[in-house]
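Numbering (my numbering), first residue to last: 1 to 312.
We put the beta carbon where it would ideally sit given N, CA and C, even for glycine.
Small disclaimer: the values here were computed from a predicted structure and weren't measured.
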DNA sequence: ATATGGCCCTGGTTGC
DNA sequence: TGCAACCAGGGCCATA
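The following block contains the structure:
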């Protein structure tokens, strides 16, 4: 299931491939399930817009989109107004490299966003248009470069949303970003919480981006039992957890994410972090540190893997 | 306010 | 061997 490292990998890949490209036509499946915005509204909103940039917010992929081009024949790598925009504090101002090398940087203000959540089984792929569409393809955006951006999701737990920024604020993850949250803010998140630390890590309104794999892996590296009450952890334990979480997320991003289930990046390539898992889906196998068999229990309704000796 | 549990989905695994 | 029941699980919503 795509979590922070997988979503980061996909967002970077999509950014590199389609930044500056323009959406010519958008097609959506007729299922009601993956659409937060009605498909017809998404298609109408997306068509004609330039992709200014792509980034990750928690587990969401956000495509920053420019205004609809005044002249449809305009160059595909048109980057919007030249010169700097005065509002530097606006989150929706994205820096976009100039297509011609050596000319410097332009800044374009996003006027709309396409927000993609991959759910459990979602994929976001950049392909040539003649590649046959996989089963459960729910969105196909044809780009002026000739390529296609496709959203595929067999289980339909993913969500697609179009947002016009003239009428609403830009997308922001509800919880804090695990890779940049300050140590004291991290401690404060869990103070007096009655739920288990595992459930707290999975709660997206506290931290955005942590899912089942990296919750289990970070708790193992920090030596903490998943079922322990979040409010009962000491400051020292919480700091160890924060550092373990950062370490495991960064390491996973370097390896292109964990390919469990059917995760692939924007090019359809698998990640390698699953080879480095210490506990996740290693039930019964010897702990990499002490050789005690890894246990699987249910915490907060989720399959939870831990080492009974290393985690107290 | 905070915490818990059911629901949505389909493909892969398990069990008879 | 074949088919059906079962299970995974992120986020959302209703409920305690």
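Fill in: In DSSP terms, what residue 117 is bridged to
Here the question's residue 117 lines up with position 117 in the first chain. For residue 117, the pairing in a beta bridge is given by DSSP as 60, 159.
Worksheet item: Going by DSSP, what residues sit across from residue 164 in a beta bridge?
Response: Here the question's residue 164 lines up with position 164 in the first chain. Partner(s): 112.
Discussion item. Taking 8 angstroms as the cut-off, does the stretch 239-248 touch the stretch 180-193 (at least 3 CB pairs, one atom from each stretch)?
Written reply: A contact exists between the stretch 180-193 and the stretch 239-248.
Discussion item. Going by DSSP, what residue range makes up the beta strand (DSSP E) through residue 149?
Written reply: Counting from 1 along the first chain, the entry for residue 149 is found at position 149. Where residue 149 is concerned, the enclosing beta strand (DSSP E) starts and stops at 148-152.
Discussion item. Taking 8 angstroms as the threshold (C-beta atoms), are residue 305 and residue 319 in contact?
Written reply: Since the displayed the chain opens at 1 and closes at 312, residue 319 lies outside it and no answer follows.
Worksheet item: Which whole-angstrom value is the C-beta distance of residue 213 and residue 311, which I expect to be below 8 angstroms?
Response: Numbered from its first residue, the first chain carries residue 213 at position 213. Numbered from its first residue, the first chain carries residue 311 at position 311. No, residue 213 and residue 311 are not in contact; Cβ-Cβ is about 16 angstroms, not under 8 angstroms.
Fill in: Neighbourhood of residue 192 by C-beta, 6 angstroms cutoff - its chain only, sequence neighbours within 5 removed
As a working note, residue 192 is residue 192 in the first chain. The beta carbon of residue 192 sits closer than 6 angstroms to those of 231, all from its chain and outside the five residues before and after it, given in chain order.
Item to complete: Please check the pair residue 7 and residue 56, which I expect to be a contact at CB under 8 angstroms, by giving their CB distance rounded to whole angstroms.
Response: Within the first chain, residue 7 is the residue found at index 7, counting from 1. Within the first chain, residue 56 is the residue found at index 56, counting from 1. In this structure, residue 7 and residue 56 form a Cβ contact; the two beta carbons are roughly 5 angstroms apart against a cut-off of 8 angstroms.
Discussion item. I need the straight-line Cα distance from residue 113 to residue 188, nearest angstrom please.
Written reply: Residue mapping note: residue 113 aligns to position 113 of the first chain, counting from 1. Residue mapping note: residue 188 aligns to position 188 of the first chain, counting from 1. Between the C-alpha atoms of residue 113 and residue 188 there is a straight-line separation of about 32 angstroms.
Fill in: Meets three-Cβ-pair contact criterion under 8 angstroms: the stretch 294-304 and the stretch 274-283
Enough Cβ pairs lie closer than 8 angstroms, so yes.
Worksheet item: For the beta strand (DSSP E) that contains residue 305, what are its first and last residues?
Response: Looking up residue 305 in the first chain gives position 305. Residue 305 -> beta strand (DSSP E) spans 302-306.
Practice prompt. Could you tell me if residue 263 is buried or exposed, where buried requires 16 or more neighbouring beta carbons within 10 angstroms of its beta carbon?
Written response: The sequence position of residue 263 within the first chain is 263, counting from 1. Its Cβ being crowded by 16 or more others within 10 Å, residue 263 is buried.
Item to complete: Could you have a look at residue 296 and say whether DSSP puts it in helix, strand or coil?
Response: In the first chain, the residue the question calls residue 296 occupies position 296. Reduced to three states, the DSSP call for residue 296 is strand.
Item to complete: Indicate whether the contact test is met: 3 or more Cβ pairs, each with one atom in the stretch 284-299 and one in the stretch 27-39, closer than 8 angstroms.
Response: No: fewer than three Cβ pairs fall under 8 angstroms.
Worksheet entry | residue 115 versus 198, 170, 274, residue with shortest Cα-Cα distance | Here the question's residue 115 lines up with position 115 in the first chain. Comparing Cα positions, the closest option is 170.
Worksheet item: Can you name the residues that DSSP bridges to residue 35?
Response: As a working note, residue 35 is residue 35 in the first chain. Answer is 160.
Practice prompt. Would you mind giving the Cβ-Cβ distance between residue 117 and residue 156, rounded to the nearest angstrom? I have them listed as a contact below 8 angstroms.
Written response: Locating residue 117 in the first chain gives position 117, counting from the first residue. Locating residue 156 in the first chain gives position 156, counting from the first residue. Incorrect: roughly 12 angstroms between the Cβ atoms, too far for contact.
Worksheet entry | Local conformation of residue 127 per DSSP, three classes | Position 127 of the first chain, counted from the first residue, corresponds to residue 127. Note: residue 127 maps to strand in three-state DSSP.
Item to complete: Could you give the DSSP three-state label for residue 176: helix, strand or coil?
Response: Locating residue 176 in the first chain gives position 176, where the first residue counts as 1. Here residue 176 sits in strand by DSSP.
Fill in: For residue 54, the residue or residues it bridges with in DSSP
Residue mapping note: residue 54 aligns to position 54 of the first chain, counting from 1. Here residue 54 is bridged, per DSSP, to 63.
Worksheet entry | Anticipated Cβ contact below 8 angstroms, residue 9 with residue 197, distance rounded | Counting from one through the first chain, the residue named residue 9 turns up at place 9. Counting from one through the first chain, the residue named residue 197 turns up at place 197. Not a contact, Cβ separation roughly 26 angstroms.
Item to complete: Report the rounded CA-to-CA distance for residue 20 versus residue 51, giving the unit in angstroms.
Response: Here residue 20 is taken as the residue at index 20 of the first chain, counted from 1. Here residue 51 is taken as the residue at index 51 of the first chain, counted from 1. If you take the alpha carbons of residue 20 and residue 51, they lie about 5 angstroms apart.
Worksheet item: Applying the criterion that 16 or more other CB atoms from any shown protein chain within 10 Å of the CB defines a buried residue, is residue 128 buried or exposed?
Response: Counting from one through the first chain, the residue named residue 128 turns up at place 128. So residue 128 ends up on the exposed side.
Worksheet item: From residue 13 to residue 267, what distance separates their C-alpha atoms?
Response: Locating residue 13 in the first chain gives position 13, counting from the first residue. Locating residue 267 in the first chain gives position 267, counting from the first residue. Using only the alpha carbons, I get a separation of about 8 angstroms.
Fill in: Cα-Cα separation between residue 234 and residue 5, rounded to whole angstroms
As a first step, residue 234 is located in the first chain; it is residue number 234 there, counting from the start. As a first step, residue 5 is located in the first chain; it is residue number 5 there, counting from the start. Here the alpha carbon of residue 234 sits roughly 27 angstroms from the alpha carbon of residue 5.
Worksheet item: Between residue 104 and residue 54, what straight-line distance do the alpha-carbon atoms span, to the nearest angstrom?
Response: Taking the first residue of the first chain as position 1, residue 104 is located at position 104. Taking the first residue of the first chain as position 1, residue 54 is located at position 54. Because the pLDDT of residue 104 is 35, which lies under 50, any placement of that residue in the model is unreliable, and the question is left without a value.
Discussion item. For a test of the three-state rule: what should DSSP assign to residue 138, helix, strand or coil?
Written reply: If you number the first chain from 1, residue 138 lands on position 138. If DSSP states are grouped into helix, strand and coil, residue 138 belongs with the strands.
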